[in-house]
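Student: Read in order, the letters of the sequence shown correspond to residues 272 to 795 in our numbering. Ideal Cβ positions, reconstructed from N, Cα and C, are used throughout, including at glycine. One structure coming up, written as C-alpha cells, with questions to follow.
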Amino acid sequence: MTRATIEALWREAQARGLLPADASPPVDATAARPWPVVLLTALGAWLAAVPLLVAVALMFGPLFKHGGAYLAGSVLLLTSVVMLRASLPLFVEQLAVPLLLAGGASLGFGLFRNLHEPAAPAVLALLAWGVGLAVRPHWLKACLGAAAALFMAMVFWPWVDPFGAPVGTTAYWLGWHVCLGAWLLVAVREWRIGMNSGLVALAAGWLLMCLLGLALMGNLGRGVGGGPEGGIAGSHAGASWPGYVSSGLALLGAGGLGLIWPSLRRPAYGGVALVLAGLAAFMPALGAALLVLAGCAAQARWRLAAAAVLAAIWIVGSFYYQLAWPLATKAALLVGAGVLLGLLMWPLWRHGHAAVPAGVAGGRGARLGAAVSLAAVLLVINAAIAQKEALIAEGQPVFIPLAPVDPRSLMQGDFMRLNFALPGEVPSQAGGLLAARRPHVVASLDGRRVARLVRLHDGSALAPGELLIELSPLGGRWTVVTDAWFFREGEAGRWSAARFGEFRVKPDGQALLVGLRGGALERL
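Pasting the structure below:
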C-alpha cells in the first residue's frame, strides 16, 4: 500500500468520525533512515548510474539528429517515474534520480532545438509539474516544482537564440510575478480547503525558485530600475509602473495579514506597512517578496517565511547597484526608511509587545537573540577593520601598473574598473578557484617600488628585490586584491588619470589596495 493510499484512507476515516480530527497518519518508515546511510547509499547509486548513462548515450547518441533526443528522453523519464512511484529500496530510488535528470535534459535538448523559444520552456514547465505530481519523494517534488517555476518564468523572457540569456528586466520581472501569482492561487486554495502533502511540496519548490529569481533580479542589468539596457525604471532615477505594482503588492500583503491577525491593527504597524510600500515603489522585486512573507506567516509556514525575509534583505541590499541613482540619494532613502521604522517600532520594543498571534516566538528570548546577533556582527566587522588597519600600518608600499581595460567599462557610475597584467601561467579558469590555497605571484621591484609581476610562485626562494603578492578570486579569474576602485560621485575626472595601483603588502603576500597614483606616482 502506497503512502498516498494510506493518507487517503486516513482522511476518509477522520471524515466518518472513526479517527480523531487531530490524529496524524503513521510516519513513513523511510523518514527514520539515518542521514549518513541515505548519503552513502545515494552516492553509490549515482556512481552506479554513470556507466548506465554512458551506455544510453552510446545507444541513442547517433540518433539525436533524427528524433533520438525525444526517444531517449521519453524512455528515461518513464523508467525513472515508474521506479520513483514504486516502494523500492533507497539505492534503487536514488538510481532513478540521475535517469530522471538525463531524460529531462534529452527532452530539453530536442525541444529547444525544434520549437520556438517560448514554447520550449512552456512544455518543459508542464512536463516538470506533471512528473512532480507522479513521483513519490517529497524532496524530489520540491525540486521539480522549482524547475517548473524556472521554465515558466523563461516563457516571458525575450530570447536572443535558443540558448541565449534574457535581455532587459521588465520581461524578467513579469515572468517571476506571473509565477508568484500562480503560487498565490494555490496558497489561497490550500488555506481554504487544504491540499495533500505532495502538492504542498511542489508549491514550496515553486515558491523558493520564485524568491530566488526575485532576489537575483537586483543584479540584472546593473540593478532593476536603472540598467543600461532599458531596465524597469528606464534611465531616470525614479519609480515606474512595476514599482507601483510592487508597492501595491506590499500593501496587499500587509492588509491581508492585518485581517487575519487582529493584533496587527495598530497605527504603528500601519506606518511600517507604508514605509515598506514606499521602499517597494523603488525596488520592483521587494513588494512580491513582502507579499510572500505575509502569506507564509498567515499560514504559519515559517521556513518559507524565512526564505522570503532573506530574499527581501537581498533585494534591499542590491538597491546599491541601481546606478541611475546618486549614491547619496540611495543612502538617504535607506537611512530615512530605517529611522522611520525604528521610530515606529520603538514603543512596541520598549514595552515588550509582540504584535503577532500567541504562540509565535518573541519576548525576552527574541531580544536576547537580537542583542547577541548585533554583538556578533559588530565583533566581526571590527575584527576585519583591525586586520586591514594592521595591514596598512605594517605593509610595505608597492605600486603596480594598471593594465588597459575596455574603455566602455572603465568608469561605471561611482566606481572605476581596474585590471592588472598577470603572468601567463596564472590559471584563469573558474575551476582554479576551488584550490585549497590561493596562488601567489612573484613581483620584482625597481627603485621606485614599482612592481612587475613576473611569474607564478612555485615555492622556490625569492631573489633580492622580489616579494610575494597573494591573488584573489573574482569573477571566475584571479586578480590582485580587487578589480574596482570606488569613489565619491562626481570624481570620475580626478581618477581618470590613474596609472598605478597603490598597495600595502605584508611578507606573507597579503595585500590591500589603498589608493591610485598618476603616471609619475603622484597622488591624485
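Quick check on glutamate 773: does DSSP put it in helix, strand or coil?
Tutor: Looking up residue 773 in the sequence shown gives position 502. Strand, per DSSP.
Student: Please list, in chain order, all residues of the same chain as alanine 396 whose beta carbon is under 6 Å from its beta carbon, the five residues on each side excluded.
Tutor: In the sequence shown, counting from the first residue as 1, residue 396 sits at position 125. For alanine 396, where only same-chain residues beyond five positions count, the Cβ hits under 6 Å are Ala419, Phe422 and Met423.
Student: Since leucine 784 and valine 752 should fall inside the 8 Å C-beta cutoff, what is the C-beta to C-beta distance between them, to a whole number of angstroms?
Tutor: The residue given as residue 784 occupies position 513 in the sequence shown. The residue given as residue 752 occupies position 481 in the sequence shown. Going by Cβ atoms, the distance from leucine 784 to valine 752 rounds to 5 Å, so yes, they are a contact pair.
Student: DSSP three-state call for tryptophan 512: helix, strand or coil?
Tutor: If you number the sequence shown from 1, residue 512 lands on position 241. If DSSP states are grouped into helix, strand and coil, tryptophan 512 belongs with the helices.
Student: Beta-carbon separation of alanine 472 and alanine 413 under 8 Å?
Tutor: Locating residue 472 in the sequence shown gives position 201, where the first residue counts as 1. Locating residue 413 in the sequence shown gives position 142, where the first residue counts as 1. For alanine 472 and alanine 413, yes; Cβs fall inside 8 Å.
Student: Could you give the DSSP three-state label for glutamate 741: helix, strand or coil?
Tutor: Walking along the sequence shown from the start, residue 741 turns up at place 470. Strand.
Student: So which of Gly566, Ala578 and Leu382 has the shortest CA-CA distance to arginine 460?
Tutor: Working through the sequence shown from its first residue, we reach residue 460 at position 189. Residue Gly566 is the option with its Cα nearest to arginine 460.
Student: Are there 16 or more other CB atoms within 10 angstroms of the CB of valine 776, so buried, or fewer, so exposed?
Tutor: The residue labelled residue 776 in the question sits at position 505 within the sequence shown. The residue in question, valine 776, is buried, as its Cβ has 16 or more Cβ neighbours within 10 Å.
Student: Which first and last residues belong to the beta strand (DSSP E) in which leucine 787 is found?
Tutor: Here residue 787 refers to the residue found at position 516 of the sequence shown. Residues 782–788.
Student: Starting from tryptophan 400, follow its DSSP beta bridges and name the residues at the other end.
Tutor: Walking along the sequence shown from the start, residue 400 turns up at place 129. Its beta-bridge partners do not exist; DSSP assigns none.
Student: Which first and last residues belong to the beta strand (DSSP E) in which alanine 722 is found?
Tutor: Taking the sequence shown and counting its residues from 1, one reaches residue 722 at position 451. Run containing alanine 722: 722–727, per the beta strand (DSSP E) assignment.
Student: Taking the alpha helix (DSSP H) that histidine 387 belongs to, which residues open and close that run?
Tutor: The residue labelled residue 387 in the question sits at position 116 within the sequence shown. First-last for histidine 387: undefined, no H or E at that position.
Student: Is glycine 375 near leucine 342, with beta carbons less than 8 Å apart?
Tutor: Here residue 375 refers to the residue found at position 104 when the sequence shown is read from its first residue. Here residue 342 refers to the residue found at position 71 when the sequence shown is read from its first residue. No, the Cβ-Cβ distance between glycine 375 and leucine 342 is not below 8 Å.
Student: Taking just the CA atoms, how far does threonine 350 sit from proline 744?
Tutor: For the purposes of this step, residue 744 is taken as the residue at position 473 of the sequence shown. For the purposes of this step, residue 350 is taken as the residue at position 79 of the sequence shown. Spanning the two alpha carbons is a distance of roughly 42 Å.
Student: If you reduce the DSSP assignment to three classes, tell me which class glycine 498 lands in.
Tutor: Position 227 of the sequence shown, counting from 1, holds the residue named residue 498. With a pLDDT of only 36 at glycine 498, under the threshold of 50, the placement of this residue in the model should not be trusted, and no figure is reported.
Student: Please report how far the alpha carbon of alanine 646 lies from the alpha carbon of isoleucine 584, in whole angstroms.
Tutor: Walking along the sequence shown from the start, residue 646 turns up at place 375. Walking along the sequence shown from the start, residue 584 turns up at place 313. Computed Cα separation, rounded: 19 Å.
Student: Within this structure, are the beta carbons of alanine 559 and leucine 485 separated by less than 8 Å?
Tutor: Within the sequence shown, numbered from 1, the residue matching residue 559 stands at position 288. Within the sequence shown, numbered from 1, the residue matching residue 485 stands at position 214. Closer than 8 Å, so yes.
Student: Cutting at 6 Å between CB atoms, please list the residues of its own chain near proline 389, excluding the five before and the five after it.
Tutor: One-based indexing of the sequence shown puts residue 389 at position 118. So the qualifying residues of the chain are Val426.
Student: What does DSSP give as the partner residues of tryptophan 756 in its beta bridges?
Tutor: Taking the first residue of the sequence shown as position 1, residue 756 is located at position 485. BP columns for tryptophan 756 point to Met687.
Student: Name the DSSP bridge partner or partners of glycine 670?
Tutor: Taking the sequence shown and counting its residues from 1, the one referred to as residue 670 is at position 399. In the sequence as presented, glycine is not what sits at residue 670; that position holds phenylalanine. The partner list for phenylalanine 670 (beta bridge, DSSP) reads Val721 and Glu773.
Student: Taking only the alpha-carbon atoms, compute the straight-line gap between alanine 525 and valine 543 and give it to the nearest angstrom.
Tutor: Position 254 of the sequence shown holds residue 525. Position 272 of the sequence shown holds residue 543. Approximately 9 Å between the Cα atoms of the pair.
Student: Examine chain C for any beta-carbon lying closer than 8 Å to the beta-carbon of valine 651, and answer yes or no.
Tutor: The question asks about chain C, but that chain is absent: this structure has only one protein chain.
Student: If you compare alpha carbons, which of Arg720, Ser377 and Trp454 is closest to glycine 666?
Tutor: Walking along the sequence shown from the start, residue 666 turns up at place 395. Of the listed residues, the one whose Cα sits closest to glycine 666 is Arg720.
Student: Do the CB positions of serine 377 and glycine 344 come within less than 8 Å of each other?
Tutor: Here residue 377 is taken as the residue at index 106 of the sequence shown, counted from 1. Here residue 344 is taken as the residue at index 73 of the sequence shown, counted from 1. A contact, by the Cβ cut-off of 8 Å.
Student: Helix or strand or just coil, what does DSSP make of valine 394?
Tutor: As a first step, residue 394 must be located in the sequence shown, where it is residue number 123. Residue state, collapsed to three classes: helix.
Student: Have a look at Gln781, Phe771, Gly780 and Asp779 and flag the residue whose alpha-carbon is nearest the alpha-carbon of alanine 791.
Tutor: Here residue 791 refers to the residue found at position 520 of the sequence shown. With distances taken between Cα atoms, alanine 791 lies closest to Phe771.
Student: With tryptophan 796 as the anchor, note down where its beta strand (DSSP E) starts and where it stops.
Tutor: Nothing in the structure corresponds to residue 796, since the chain is present only between 272 and 795.
Student: Could you name the residues of the same chain whose beta carbon sits closer than 6 Å to that of histidine 409, not counting the 5 residues immediately before and after it, in chain order?
Tutor: Along the sequence shown, read from residue 1 onward, the residue named residue 409 stands at position 138. For histidine 409, where only same-chain residues beyond five positions count, the Cβ hits under 6 Å are Ala472.
Student: Can you list, in chain order, the residues of its chain with a C-beta nearer than 6 Å to that of alanine 568? Leave out the 5 residues immediately preceding and following it.
Tutor: Here the question's residue 568 lines up with position 297 in the sequence shown. Counting only Cβ-Cβ distances below 6 Å, and skipping sequence neighbours, we find Ala576.
Student: By Cβ distance below 7 Å, which residues in the same chain neighbour alanine 578 in space, the five residues on each side in sequence not counted?
Tutor: Counted from its first residue, the sequence shown places residue 578 at position 307. Closer than 7 Å at Cβ, skipping near neighbours: Leu479 and Leu482.
Student: Taking all protein chains shown into account, decide if aspartate 779 is buried (16 or more other Cβ within 10 angstroms of its Cβ) or exposed.
Tutor: As a first step, residue 779 is located in the sequence shown; it is residue number 508 there, counting from the start. Exposed, by the Cβ-count rule.
Student: CA-CA distance, arginine 356 and leucine 445?
Tutor: For this step, residue 356 is matched to residue 85 along the sequence shown. For this step, residue 445 is matched to residue 174 along the sequence shown. Using only the alpha carbons, I get a separation of about 35 Å.
Student: Verify whether the separation of the beta carbon atoms of methionine 354 and valine 363 is less than 8 Å.
Tutor: On the sequence shown, position 83 is the one that residue 354 refers to. On the sequence shown, position 92 is the one that residue 363 refers to. Contact: yes.
Student: Under 8 Å by Cβ, that's how I've got glycine 588 and proline 555 pegged, so tell me the actual separation to the nearest angstrom.
Tutor: The residue labelled residue 588 in the question sits at position 317 within the sequence shown. The residue labelled residue 555 in the question sits at position 284 within the sequence shown. Going by Cβ atoms, the distance from glycine 588 to proline 555 rounds to 15 Å, so no, they are not a contact pair.
Student: If alanine 521 and alanine 548 are in contact, beta carbons under 8 Å, what's the gap, nearest whole angstrom?
Tutor: Numbered from its first residue, the sequence shown carries residue 521 at position 250. Numbered from its first residue, the sequence shown carries residue 548 at position 277. The pair is a contact, with the Cβ atoms about 4 Å apart (cut-off 8 Å).
Student: Measuring straight from C-alpha to C-alpha, what distance separates arginine 765 and arginine 788?
Tutor: The residue labelled residue 765 in the question sits at position 494 within the sequence shown. The residue labelled residue 788 in the question sits at position 517 within the sequence shown. Going from the Cα of arginine 765 to the Cα of arginine 788 covers about 11 Å.
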